[in-house]
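In the numbering used here, the protein residues as written are 292 to 555.
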Amino acid sequence: MSETDDSAVTHQPFPADLPGDDPGEDVARGTGVALWKQIVERLEADIVEGRLAPGTRLPTEMELSERFGVNRHTLRRALAMLTDKRLIEATPGRGTFVKEPPIRYPIGARTRFSEIVSREGRAPSGRLIGSRIEPATAEIAEALRLAPGDEVLRVDMIREADGVPITIGSHWYEAGRCRDLDLLVAATGSVTRALETLGLGDYRRLETRITARLADEEERRLLSLPAGRTVMVIDAINGDAQRRPIQYSRARFSADRVQLVVKT
292 MSETDDSAVT
302 HQPFPADLPG
312 DDPGEDVARG
322 TGVALWKQIV
332 ERLEADIVEG
342 RLAPGTRLPT
352 EMELSERFGV
362 NRHTLRRALA
372 MLTDKRLIEA
382 TPGRGTFVKE
392 PPIRYPIGAR
402 TRFSEIVSRE
412 GRAPSGRLIG
422 SRIEPATAEI
432 AEALRLAPGD
442 EVLRVDMIRE
452 ADGVPITIGS
462 HWYEAGRCRD
472 LDLLVAATGS
482 VTRALETLGL
492 GDYRRLETRI
502 TARLADEEER
512 RLLSLPAGRT
522 VMVIDAINGD
532 AQRRPIQYSR
542 ARFSADRVQL
552 VVKT
């Protein structure tokens with residue numbers, strides 16, 4: 292169906308779980324305002340005025356196309372604009388949602404993802420996406436007070452809030468001290484619980500460095516980000532009660548899903 296075919300589509304009522312409108316207030320043809328722009332204006336008003344609350348799941352493209360009486364091409368153009376405005380967000384396998392406000396994420400001596408997300412009223416989760424033993428680079432060796440080339444265990448995770456990916460984390464540990472940590476992470480979905488099993492749960496932040504850059508292809512895929520989005524990169528060293536480093540980590544956060552707060 293082409294753009295000009297929209298006039299042949301019959302209006303259908305808005306799905307019952309979202310705010311409805313009188314048929315007379317629907318998108319209008321022949322006004323000089325493109326149909327996709329009218330859809331943007333209508334949905335943006337619903338979001339800004341609170342009729343569509345943060346976290347609300349939007350109907351499918353087919354349902355929205357029927358609702359507004361337009362073809363899928365027109366509807367997708369409107370949704371793309373709302374995504375660019377950062378009012379909605381699509382997550383593969385879950386659907387398209389009204390964007391939640393950014394998670395307030397404090398960086399302090401004791402920074403725990405699950406605790407922070409839970410305090411925000413969101414459901415935290417995590418999963419292992421890879422692990423391996425590798426030689427320590429000069430940077431990792433210095434952070435963990437090892438010799439370059441010493442064996443370190445690398446653990447890669449993705450962490451989510453309400454099923455939305457928030458951060459990808461790569462963590463390195465002295466292999467001999469934290470052997471089998473990756474198996475514990477895979478079983479629990481939590482670095483903190485895994486370290487607690489090894490008697491290292493009371494780790495503390497020794498150093499934090501924060502930078503920002505454009506997300507690369509893998510980060511866009513794992514974090515479900517469109518091209519051109521930014522990630523905040525947090526390099527951190529965590530240590531035990533004696534301030535001996537036990538973990539060097541590099542977390543890449545979707546920049547518009549968190550608000551970093553540095554505690555002093």
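Don't be surprised by glycine CBs; every beta carbon is placed ideally from N, CA and C.
Contact annotation, Asp531 with Tyr494: C-beta distance approximately 6 Å; criterion of less than 8 Å satisfied. Note on geometry: alpha-carbon atoms of Gly417 and Gly467 lie some 24 Å from one another. Scanning the region 465 to 543 for uninterrupted beta strand (DSSP E) segments of 3 residues or longer gives 495 to 505, 521 to 530, listed from N- to C-terminal end. With respect to Val522, Arg548 sits apart: the two C-beta atoms are not nearer than 8 Å. Beta-carbon to beta-carbon, Ser515 and Thr382 are separated by about 5 Å, close enough to satisfy the 8 Å threshold.
For Glu332, the enclosing alpha helix (DSSP H) covers residues 326 to 339.
Taking C-beta separations shorter than 6 Å and ignoring five residues to either side along the sequence, the partners of Leu343 in its chain run Asp337, Val389, following chain order.
Assignment of alpha helix (DSSP H) within the region 406 to 430, counting only whole runs of 4 or more residues, yields no such run. Under the 10 Å beta carbon count, Gln533 is surrounded by fewer than 16 other beta carbons and is classified as exposed. Taking 8 Å as the upper bound for CB-CB distance, Arg450 and Pro415 are in contact here, some 7 Å apart. Arg541 is the residue among Gly519, Arg541, Ala518, Arg363 whose C-alpha sits nearest the C-alpha of Asn529.
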